[in-house]
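Going down the list, the sequences are from chains L and C. End of the first sequence sits at 708 in our numbering; the numbers just go up one at a time, nothing left out. End of the second sequence sits at 708 in our numbering; the numbers just go up one at a time, nothing left out. The C-beta atom is built at its ideal place from N, Cα and C for all residues, glycine as well. Quantities reported herein were computed from a predicted structural model and do not represent experimental measurements.
There are 2 protein chains.
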Amino acid sequence: MARVQARTEATLERFLPSATIAPQRLHEAMRYAVLGGGKRIRPLLAFAAGEAAAGVRQIDPGRLEIVGCALECIHAYSLVHDDLPSMDNDVLRRGKPTCHVEFDEATALLVGDSLQSLAFQLLAEHRLCDDPAVQVEMLKILAVASGSRGMAGGQAIDLASVGQTLTVPELEYMHIHKTGALIRASVALGARAGGAPSPGHLERLDHYAKCVGLAFQVVDDVLDQESSTATLGKTVGKDAANNKPTYVSVLGLARAKALAEELRKDALEALSALGSAAQRLAELADFIVLRKF
Amino acid sequence: MARVQARTEATLERFLPSATIAPQRLHEAMRYAVLGGGKRIRPLLAFAAGEAAAGVRQIDPGRLEIVGCALECIHAYSLVHDDLPSMDNDVLRRGKPTCHVEFDEATALLVGDSLQSLAFQLLAEHRLCDDPAVQVEMLKILAVASGSRGMAGGQAIDLASVGQTLTVPELEYMHIHKTGALIRASVALGARAGGAPSPGHLERLDHYAKCVGLAFQVVDDVLDQESSTATLGKTVGKDAANNKPTYVSVLGLARAKALAEELRKDALEALSALGSAAQRLAELADFIVLRKF
């Protein structure tokens, strides 16, 4: 995990425009928003899915690095925009002032916009598969996962849910979009950059990703209840303060924890047919559910 | 022109998610921001460049429609974000209330984000060239044109220029990014979707696009000085009020008009080697410089 995190950091460092290139302040703010923080869950999933898809063949780590960077650009852009005053109005992220606090609102808006473009640029300007038609498909996967029927749509549903009482299926629907879509894309893109997986394997990997994506959010809600702002590096108790439904508010703490454990088992079950090549994906499911931050 | 505009409108209508699909309010706002307005200059350029590149061969209008829609999604997203209170804080666009006035700020932010994703989705989910490797190149062209070294970067330079005295080269540098990058991409993408132009032709088309892109902005500045808000459908005199440098403020009205005319001639000159297939591009250069709105 530390190796993939370091690789991701180094590749982001290389592909984010230097703060000495005009427009300097925008590039400085883009680097601020992306570098030196985050668990890099999405690149970790992409690398592990690449290994699972490659099986006994060698993966090309350079291809997976690019995929990981593109995913982090989308993820970081979503955080920068979500933190804006018109959205969650948050001042702390990854233990640092949020982008609009450190710079200004207009710059933070353009940082998010530019990071989204950069994600697609990265997927389009490097060779990621032997077959360019599959690379076009990868670009489509990232676009759909990011857009109004994926991550951005989930954010819209999240905003609309403030002050609402949601059922468990409604809460799930929101998170399948808000966090789940990009986590599924991480696995789907990693698998394609790692090799040429069979449709059957892709389907199992996708089921794994759906479970892990949802588990990730359930655990986030549990940690938000049980941890401190210092441990998480972001404001805790914000959802409750904003009157937003969470798995803890809807299910209670004990049932939320049980759900996370159930999803972890379901994710591991989906990997059983993939053999030892899926070992790292299994470890990541454990990491995501058992983490403390 | 009217035929391409109608085609673009119909294709956008088809590919923008319906307002009956969840998240409904986001989809309704996306449609509000894109449909029923605008001159569709970028699709017009893409179609004309496609014809110029095809020469005597038949173009596939379906491919150019998709390219035109992707360009309009990027353009509309940039307008929605530029109009936000933290940016230009504008209330009128295409004769209607701006997106954040009609809906709300958070929705307008997500509208822009989702329209950017949709642009890349459109270019990735339809077959636009016989060679998928060229399609990957098209996705890269759009990403670079939209990002921090293209349109979004131009917007950052624009923000930083408020209250500054710029030289003509500095003003040109700003507009080459802010408006020019997407106009160049329109011609580059249209040419590739229209056929397989030679490198020499691509270079001439790109020179044409650079001239037209700059002329477009010069004429915008002239119209902003000479027209009324009712004619333009957007607030006039805003740049002067915001203390932003324009071609008129830097060159004066007469020299700005002369520059637009010079750029028009330069654009037409670049087309001379392309023969009658470039007729529509020539007409568009005239339209852009001689327009009154």
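Nearest residue (CA-CA) to residue i, options the options
i	options	result
His496/L	Gln570/L, His541/L, Arg429/L and Ala548/L	Gln570/L
Ala437/C	Met589/L, Tyr623/L, Arg599/L and Gln694/L	Met589/L
Asn521/C	Pro512/L, Lys511/L and Ser493/L	Reading off the sequence shown, one finds Ala at residue 521/C, where the question assumed Asn. With distances taken between Cα atoms, Ala521/C lies closest to Ser493/L.
Ile703/L	Leu674/L, Gly628/L, Leu427/L and Glu540/L	Gly628/L
Ala469/L	Ala645/L, Gln694/L, Glu698/L and Ala560/L	Gln694/L
Glu587/C	Ser561/C, Val526/C, Leu533/C and Ala671/C	Ala671/C
Arg706/L	Asn658/L, Ala692/L and Val633/L	Val633/L
Ala692/L	Ala463/L, Glu428/L and Arg418/L	Ala463/L
Ala675/L	Leu689/L, Lys625/L and Ser643/L	Lys625/L
Asp519/C	Leu647/C, Leu479/C, Gly465/C and Glu443/C	Glu443/C
Ile709/L	Asp505/L, Gly527/L and Gln550/L	No information on residue 709/L is available, as it lies outside the stretch 416 to 708 that chain L covers here.
Ala669/L	Asp545/L, Leu557/L and Val637/L	Val637/L
Asp573/C	Val559/C, Ser561/C and Lys593/C	Lys593/C
Thr580/C	Ala645/C, Ser664/C, Leu524/C and Lys511/C	Ser664/C
His541/L	His541/C, Gly690/C, Ser532/C and Ala558/C	Ala558/C
Ser576/C	Gly562/C, Leu647/C, Asn657/C and Ala600/C	Asn657/C
Ser377/C	Gly615/C, Cys544/C and Ala448/C	The shown model of chain C, from 416 to 708, leaves out residue 377/C, and the question about it has no answer.
Leu532/C	Gly510/L, Ser561/L, Ile556/L and Leu524/L	Per the sequence shown, the amino acid found at residue 532/C is Ser instead of Leu. It is Ser561/L.
Asn504/C	Leu699/C, Thr650/C, Leu689/C and Asp701/C	Thr650/C
Glu698/L	Asp545/L, Leu689/L and Leu683/L	Leu683/L
Leu479/C	Arg446/C, Arg508/C and Arg418/C	Arg418/C
Cys514/L	Thr582/L, Arg440/L, Val583/L and Ile556/L	Arg440/L
Leu543/L	Gly453/L, Pro476/L and Ala491/L	Pro476/L
Glu585/C	Leu524/C, Ser563/C, Leu666/C and Arg599/C	Leu666/C
Ala421/C	Gly452/C, Ser563/C, Gly648/C and Arg509/C	Gly452/C
Leu499/L	Val516/L, Gly510/L and Gly578/L	Val516/L
Arg509/C	Gly648/C, Leu689/C, Gly690/C and Lys659/C	Gly648/C
Val690/C	Glu552/C, Leu604/C and Val471/C	Reading the sequence as shown, one finds Gly at residue 690/C and not Val. Answer by Cα proximity: Val471/C.
Met445/L	Thr582/L, Glu618/L, Ala523/L and Ala673/L	Ala523/L
Cutoff 6 angstroms; reference residue i; Cβ partners in own chain excluding five residues on either side
i	result
Thr423/L	Arg455, Pro458 and Gly483
Val602/C	Leu460, Ala464, Leu620 and Ala624
Ala534/L	Ala485, Cys488 and Ile489
Ala448/C	Ala491, Val495, Cys514 and Val526
Ala600/L	Ile556, Leu557 and Ala560
Lys659/L	Val577
Other residues of its chain near residue i: CB distance less than 7 angstroms, five sequence neighbours each side excluded
i	result
Asp654/C	Asp639 and Thr661
Ala539/C	Leu554
Phe430/L	Cys484 and Leu537
Pro512/L	Val506
His622/L	Ala685
Ser433/L	His442
Glu428/L	Leu450
Glu466/L	Ile474, Gly609, Ala692 and Arg695
Thr646/L	Phe708
Ser613/C	none
Gly595/C	Lys625, Gly628 and Leu629
Met416/C	Leu459
Thr582/L	none
Minimum Cβ-Cβ distance from residue i to chain D less than 8 angstroms
i	result
His496/L	Chain labels in this structure do not include chain D; the protein chains are L and C.
Close-in-space but distant-in-sequence residues of the same chain around residue i (CB under 8 angstroms, 5 per side omitted)
i	result
Pro547/C	none
Ser642/C	Val651, Lys707 and Phe708
Thr366/C	The displayed coordinates of chain C run from 416 to 708. Any statement about residue 366/C would go beyond what the structure contains.
Asp701/L	Arg679
Ile710/L	Here chain L comprises residues numbered 416 to 708, so residue 710/L is not present and cannot be evaluated.
Members of the segment 538 to 572 of chain L that neighbour chain C once the beta carbon cut-off is set at 7 angstroms: Ala539, Glu540, Pro547, Ala548, Gln550, Val551, Leu554, Lys555, Ala558, Val559, Ser561, Gly562, Ser563, Arg564, Ala567, Gly568, Gln570, Ala571 and Ile572
Stretch pair the segment 674 to 683 of chain C + the segment 597 to 616 of chain C: three plus CB contacts closer than 8 angstroms: No: fewer than three Cβ pairs fall under 8 angstroms.
Members of the segment 510 to 528 of chain C near chain L, C-beta cut-off 9 angstroms: His515, Asp519, Glu520, Ala521, Thr522, Ala523, Leu524, Leu525, Val526, Gly527 and Asp528
Chain-ordered residues of the segment 435 to 447 of chain C with a beta carbon less than 8 angstroms from chain L: Ile436, Ala437, Pro438, Arg440, Leu441, His442 and Met445
Entirely enclosed alpha helix (DSSP H) segments - the segment 429 to 474 of chain L, minimum 4 residues: 439 to 449 and 456 to 469
Selection of the segment 578 to 611 of chain C by Cβ proximity to chain L, strictly under 9 angstroms: Tyr588 and His592
Inter-stretch contact at 8 angstroms, needing at least 3 Cβ pairs: the segment 524 to 532 of chain L / the segment 555 to 575 of chain C: yes
3-residue-minimum beta strand (DSSP E) runs that sit fully inside the segment 546 to 604 of chain C, ordered along the chain: none
Complete alpha helix (DSSP H) runs within the segment 651 to 685 of chain L (minimum length 4 residues, chain order): 653 to 656 and 662 to 666
Chain C contacts from the segment 422 to 434 of chain L (Cβ-Cβ distance under 7 angstroms): Residues passing the 7 angstroms Cβ filter: Pro432.
Every unbroken alpha helix (DSSP H) inside the segment 684 to 708 of chain L [4 residues or more]: List check, alpha helix (DSSP H) in window: 694 to 705.
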